[in-house]
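Q:
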Amino acid sequence: MRSSRGAWSLAGVVAGAAGLATSYVAAMLLTIRESPVVAVAELVIRITPGWLAEYLIGLVGQLDKPLLILGIFGFLALVCAWAGRLARRSWWLSVLVLAVLAAVGALAVSLQRGATATDGVPVVIGFVTWLAVLALLVAPLRRADENGHEAAADPAYDEAAGHARRTVLVRAGLIAAAAAVLGVAGRVVGRGRRHVEESRRLLRLPQVTEPAVPRGARTDLEGITPWATRNDRFYLIHTAIIVPTIEPADWSLRIHGAVDRELVLTYDDLLRREFTEQWVTLNCVSNPVGGDLIGNAWWSGVRLADLLEEAGVHADADAVLQTSHDGWTCGTPLEALTDDRGAMLAVAMNGVPLPIEHGFPVRTIVPGLYGYVSATKWVEDLEVTRFADISAYWTERGWGERGPVKMSSRVDVPRSGEQVEAGEVRFGGVAWAQGTGISAVEFAVDGGPWTRAELASVPNVDTWVQWTGSLDVEPGDHTVRVRAVDADGTVQDGTERDVLPDGATGWHTSDFTAS
Ligand SMILES: Nc1nc2c(c(=O)[nH]1)N[C@H]1C(S)=C(S)[C@@H](COP(=O)(O)O)O[C@H]1N2
Ligand SMILES: [Mo]
3 MRSSRGAWSL AGVVAGAAGL ATSYVAAMLL TIRESPVVAV AELVIRITPG
53 WLAEYLIGLV GQLDKPLLIL GIFGFLALVC AWAGRLARRS WWLSVLVLAV
103 LAAVGALAVS LQRGATATDG VPVVIGFVTW LAVLALLVAP LRRADENGHE
153 AAADPAYDEA AGHARRTVLV RAGLIAAAAA VLGVAGRVVG RGRRHVEESR
203 RLLRLPQVTE PAVPRGARTD LEGITPWATR NDRFYLIHTA IIVPTIEPAD
253 WSLRIHGAVD RELVLTYDDL LRREFTEQWV TLNCVSNPVG GDLIGNAWWS
303 GVRLADLLEE AGVHADADAV LQTSHDGWTC GTPLEALTDD RGAMLAVAMN
353 GVPLPIEHGF PVRTIVPGLY GYVSATKWVE DLEVTRFADI SAYWTERGWG
403 ERGPVKMSSR VDVPRSGEQV EAGEVRFGGV AWAQGTGISA VEFAVDGGPW
453 TRAELASVPN VDTWVQWTGS LDVEPGDHTV RVRAVDADGT VQDGTERDVL
503 PDGATGWHTS DFTAS
């Protein structure tokens, strides 16, 4: 007698449960989404034809969604049991089955609105758990099987097989219990995080206005980066693995250090103050030439210059050390927070409360400085100080101290690798020189003469500007390059420099084919 089918099935089901539990906890911790199972349910709803959905809802009424989730769990249990039994014949076959399940989960997750790479992490964690637990559970069964082949007639074998089954049962019991505990823990954590999302959704910010793209800022060129970046398309950079979730009611900001009067502000204090709103393009210092770690949004908040004036900044201070809820720090030139560029404590992005991952409830926005020295998300502490006396997260790791954004420009159309029709080809992209403004953009094909591009209009000097132009192009492979000129007449630096230590330089190029 060999170890029973039941034990192999059980191994599959328990591995499945463990994987669902770890992916659930990961989803609760890392994202503000539900588990991947819910994403699959939503996908099923999306692809179910309307008539069928209506018929089913007619049958089960309000129970449609719970039943669907239950159905998915039931289906998963069956497939996992089958994968467990398959593992007896071939480990790789069962891996394949689980991989298909994980792929469906990953697909569902990636199709959610505003999905980012982080949303895929729970699926990967769940998949790895499946494999690890399945391997752990089937190992004793496999050993018993192997011994069984050699000694089928040996009565001692029955004892060994029984022993293997007991080992599997004990392990399976322990793992199932751990999965249950994880599931409950995930629920608790998830509730707290989702509560903050709920608070955010219910917030009304009367001083915040809707973003209205200024007249003439948008060109009609197809394929060009939208002038205004949607929140769910805005790049994300933070060191926190678990994004802080802070109730507005629990938030406060302390302004202290070299000041006459220390200030402590609550969220309500902030909302009672006069608001400022501005289009500002936010740049990451790690954005390579032509990269997309940049976005343009309508920010609303309270001017830092006013707050710092109220606090009474000492004359010898030249920096503000900002600290976030998650302990990230940056040193910002004091001048950039007190001059008239409009640095602010932002509470809204594109007309809605800051998305949690973009710093809810309050972050700093400073036009003209890279994010790593200025744009503290979940900001809670501002210490007025001197650069000589501080160090901060990225400057400790070799990045420049002050971080002014370098003038740059980018080709969006045609994209590298694109095929276009020969003849008159349209070109376009974006350019920025924060604090100064762009006066011209020039592009050149295959090392030919520089051609002046047309510039769209912009509301201020701190946003990017769209440029467009056209040129006759022969059939064949081509390269277009772009460079900007700022309002002072300075031509964009063409020297190719890497992002470290204080931002990349060089002219962006795009290779395309005309036919
Ligand atoms: N708390 C915190 N704030 C932070 C960071 C961080 O790691 N932690 N990264 C900074 C960097 S390097 C950039 S480029 C911007 C990015 O802001 P975004 O994620 O809203 O686009 O946030 C800045 N603020
Ligand atoms: Mo950054």
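In case it helps, the numbering used here puts the sequence shown at residues 3 to 517. Even glycine gets a Cβ: it sits at the ideal position worked out from N, Cα and C.
Out of Ala23, Asp328, Gly373, point me to the one whose CA is closest to Val183's CA.
A: Ranking Ala23, Asp328, Gly373 by Cα distance to Val183 puts Ala23 first.
Q: Check whether the region 505 to 513 touches the region 286 to 297, taking contact to mean three or more Cβ pairs, one atom from each stretch, closer than 8 Å.
A: Taking 8 Å as the limit for Cβ pairs, the verdict is that the region 286 to 297 does touch the region 505 to 513.
Q: Just the residues with CB closer than 7 Å to a heavy atom of ligand 2, in chain order, which are they?
A: Residues flagged by the Cβ proximity filter: Ile239, Cys286, Val287, Ser288, Leu295, Tyr372, Gly373, Tyr374.
Q: My output table needs one value for Arg256: the three-state DSSP class, helix, strand or coil.
A: Arg256: strand per DSSP, three-state reduction.
Q: Might you give, ordered along the chain, the residues of its own chain that have their beta carbon closer than 7 Å to the beta carbon of Val493, omitting 5 neighbours on each side?
A: Once the five neighbours on either side are set aside, the close Cβ partners of Val493 are Arg485, Val487.
Q: Just the C-alpha distance for Asp328 and Ile243, rounded to the nearest angstrom, thanks.
A: In a straight line, the C-alpha of Asp328 is about 10 Å away from that of Ile243.
Q: For the structure I just gave you, are there three or more beta carbon pairs, one from the region 393 to 412 and one from the region 425 to 443, closer than 8 Å?
A: Yes, since at least three Cβ pairs between the region 393 to 412 and the region 425 to 443 fall closer than 8 Å, the two stretches touch.
Q: DSSP has Pro369 in a bridge; who is on the other side?
A: In the DSSP output, where bridge partners are listed per residue, Pro369 has none listed.
Q: Examine ligand 1 and report whether any of its heavy atoms sits within less than 8 Å of the Cβ of Asp234.
A: Not so, every heavy atom of ligand 1 lies at least 8 Å from the Cβ.
Q: Rank Leu323, Val62, Ala41 by C-alpha distance to the C-alpha of Leu109 and give the top, closest one.
A: When each option's Cα is compared against that of Leu109, the closest is Ala41.
Q: Tell me whether His480 sits in a helix, a strand or coil according to DSSP, three-state version.
A: Three-state result, His480: strand.
Q: Where do the N-terminal and C-terminal ends of the alpha helix (DSSP H) with Arg115 fall, by residue?
A: Taken as a continuous stretch (DSSP letters only), Arg115 belongs to no alpha helix (DSSP H), as it is neither H nor E.
Q: Could you say if the region 373 to 387 and the region 218 to 230 meet the contact criterion of at least three C-beta pairs nearer than 8 Å?
A: With the cut-off at 8 Å, the region 373 to 387 and the region 218 to 230 do not touch.
Q: What is the rounded straight-line gap between the Cα of Leu473 and the Cα of Arg428?
A: Roughly 7 Å between the two C-alpha positions.
Q: At 3 residues or longer, what runs of the beta strand (DSSP E) sit wholly inside the region 347 to 420?
A: Runs found: 365 to 367, 381 to 387, 410 to 415.
Q: Mapping DSSP to helix, strand and coil, what is Ser288?
A: Note: Ser288 maps to coil in three-state DSSP.
Q: Does the beta-carbon distance from Arg343 to Gly370 come in below 9 Å?
A: Taking 9 Å as the Cβ cut-off, Arg343 and Gly370 qualify as a contacting pair.
Q: Return the first residue and the last residue of the alpha helix (DSSP H) that Phe75 is part of.
A: First-last of the alpha helix (DSSP H) with Phe75: 66 to 91.
Q: Quickly, what does DSSP pair Trp509 with across the bridge? List them, please.
A: In DSSP, Trp509 forms no bridge with anything.
Q: Suppose the cutoff is 8 Å on Cβ atoms and the five residues either side in sequence are ignored; what does the same chain contact list for Ala489 look like?
A: Taken in chain order, the residues that qualify are Ala435, Thr438, Gly439, Ile440, Ser441, Val463.
Q: Who are Gly344's beta bridge partners in DSSP?
A: BP columns for Gly344 are empty, so no partner.
Q: How about Ala242: is its Cβ closer than 8 Å to a heavy atom in ligand 1?
A: Yes, the Cβ of Ala242 comes within 8 Å of a heavy atom of ligand 1.
Q: Using a Cβ-based criterion (distance less than 8 Å to any ligand heavy atom), does Ala13 qualify as near ligand 1?
A: Outside the cutoff, so no.
Q: Can you have a look at Asp525 and say buried or exposed, based on whether 16 or more other CB atoms are within 10 angstroms of its CB?
A: One cannot answer for residue 525 here, as it falls past the ends of the chain, which runs 3 to 517.
Q: Using the Cβ count rule (16 or more neighbours within 10 Å means buried), how would you classify Ser288?
A: Counting Cβ neighbours within 10 Å, Ser288 comes out buried, since at least 16 surround it.
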